[in-house]
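Visitor: Pasting in a structure now, in structure tokens, and then I'll have a few things to ask.
There are 2 protein chains.
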Amino acid sequence: MSRRPMVRPGGRSTRVQQAVHTAVRELQAEVGRPELTVPMVAARAGVTPSTIYRRWGDLQELLSDVAVEHLRPEAPPEDHGRLLDDLRNWAEQFLEEMASPTGRAYMRDALLGDPEGDNAGLCSAYAAEQVGTMLARAAGRGEEVPDVETVIDRVVAPVMYRILFRPDGLTGAYARRLAEEALTR
Amino acid sequence: MSRRPMVRPGGRSTRVQQAVHTAVRELQAEVGRPELTVPMVAARAGVTPSTIYRRWGDLQELLSDVAVEHLRPEAPPEDHGRLLDDLRNWAEQFLEEMASPTGRAYMRDALLGDPEGDNAGLCSAYAAEQVGTMLARAAGRGEEVPDVETVIDRVVAPVMYRILFRPDGLTGAYARRLAEEALTR
């Protein structure tokens, strides 16, 4: 991320980024991750390999950026009219997505090609934003709400820690229980 | 880890493992991580490169095994006579060790060269064992104690998640607060 220059939307920089990300996604599907090389991605994206090296450093950093793009939430959390229901549902979906083979692969890529931790920070910021949306909605309804960092500690952290370090027996029920305990204990 | 054959203590297998681990540690200190190669490690350890490839797969898996060795606790947690004090102190030390540049580098290595998650599982098992020791000691003193998995969720998971994904403002006081809340809320 630190190598990425300021991006002017619609400028050449944005077009290059989109072409390269698309090339990575297509080639991952076609030839698989282990076979992927920078020259192969460059050829598909219509840029020179040195454009990729200059901007991303190496293949692992590029894969990290692509992974973070995938981990960006596409919509705000569903609104069920009550924080407990919102958080329970969101926690369960978050666990399902992150613990899926695809989710694990992206999380791994995001961490691996990210020596300075910028992409890991982005992943966490996405989760914090989703949590913040639910809490603000609940506060607007007059509910008493914990702060974002508490929900990160109580729900997001255990889910992510267990996926990475202690994956046995991870279920939707576990995620829902974490959400309940974050609000009631 | 899956490549590692059953090790007979004192047998050739153990001697090779010790020699190779020692070579990695020495060379990391002398030439630094980025310069490390399998042939270099093999030469220092007095084995052939193919011995290393056969046993560890590649350099990253070898580094992952060496990292996990470093993350293994050297002693049981200090006994302060009361669970709250034991857990507060342990949480603070755990955070300090894991968040240090060395701790972060080992955690990263442990995760990266570990596609099947065995080494990550070992790291978590080490933490669970330390927590289990404190809880068993407290139960023996007649204290009421939570279960190991609760302490993992409430103390270990937030510390590890924040080190990896959300490292701003991590302090000993934060770790101590997690320990207090795990026992009182």
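Protein sequence lines, in the order shown, are assigned to chains Y and B. The first sequence begins at 1 in full-length UniProt numbering and counts up one residue at a time. The second sequence begins at 1 in full-length UniProt numbering and counts up one residue at a time. Glycine is no exception: its CB is placed at the ideal position from the N, C-alpha and C atoms.
Which residue's Cα is closest to the Cα of B/Ala182: B/His70, B/Asp168, B/Pro158, B/Ile163?
Guide: B/Pro158
Visitor: Where does B/Asp168 fall in DSSP's three states?
Guide: Secondary structure of B/Asp168 (DSSP, three-state): coil.
Visitor: Which residues in the same chain as B/Leu83 place their Cβ atom closer than 6 angstroms to its Cβ, once the five residues preceding and following it in sequence are excluded?
Guide: Ala138, Glu143
Visitor: Contact check, Y/Leu112 vs B/Leu36 under 8 angstroms by CB: the rounded distance?
Guide: Going by Cβ atoms, the distance from Y/Leu112 to B/Leu36 rounds to 17 angstroms, so no, they are not a contact pair.
Visitor: Assign Y/Ala173 to buried or exposed, taking buried as 16 or more other Cβ atoms, counted over all protein chains shown, within 10 Å of its Cβ.
Guide: Burial call: exposed.
Visitor: According to the neighbour-count rule (16 or more other Cβ atoms, all chains shown, within 10 Å of its Cβ), is B/Ser64 buried or exposed?
Guide: buried
Visitor: Any contact of the stretch 13 to 22 of chain Y with the stretch 39 to 55 of chain Y, i.e. 3+ C-beta pairs under 8 angstroms?
Guide: yes
Visitor: Could you check what DSSP says for B/His80 in three-state terms: helix, strand or coil?
Guide: coil
Visitor: Counting along the chain, where does the alpha helix (DSSP H) carrying B/Thr48 start and finish?
Guide: B/Thr48: not part of any alpha helix (DSSP H); DSSP gives it neither H nor E.
Visitor: Roughly how many angstroms separate the alpha carbons of Y/Ala128 and B/His80, rounded to a whole number?
Guide: 36 angstroms
Visitor: Taking Cβ-Cβ distances shorter than 9 angstroms, what residues in chain B pair up with Y/Ala120?
Guide: Leu164, Phe165, Arg166, Pro167
Visitor: Near Y/Arg72, which residues of its chain fall below 7 angstroms by C-beta distance, leaving aside the five closest residues on each side in sequence?
Guide: Tyr126
Visitor: From B/Asp147 to Y/Gln93, what does the alpha carbon distance come to, in whole angstroms?
Guide: About 26 angstroms.
Visitor: Which residues of chain B have a Cβ atom closer than 7 angstroms to the Cβ of residue 206 of chain Y, listed in chain order?
Guide: Any answer about residue 206 of chain Y is impossible in this case: the structure gives chain Y only from 1 up to 185.
Visitor: Answer with buried or exposed for B/Pro77, where buried requires no fewer than 16 other C-beta atoms within 10 angstroms of its C-beta.
Guide: buried
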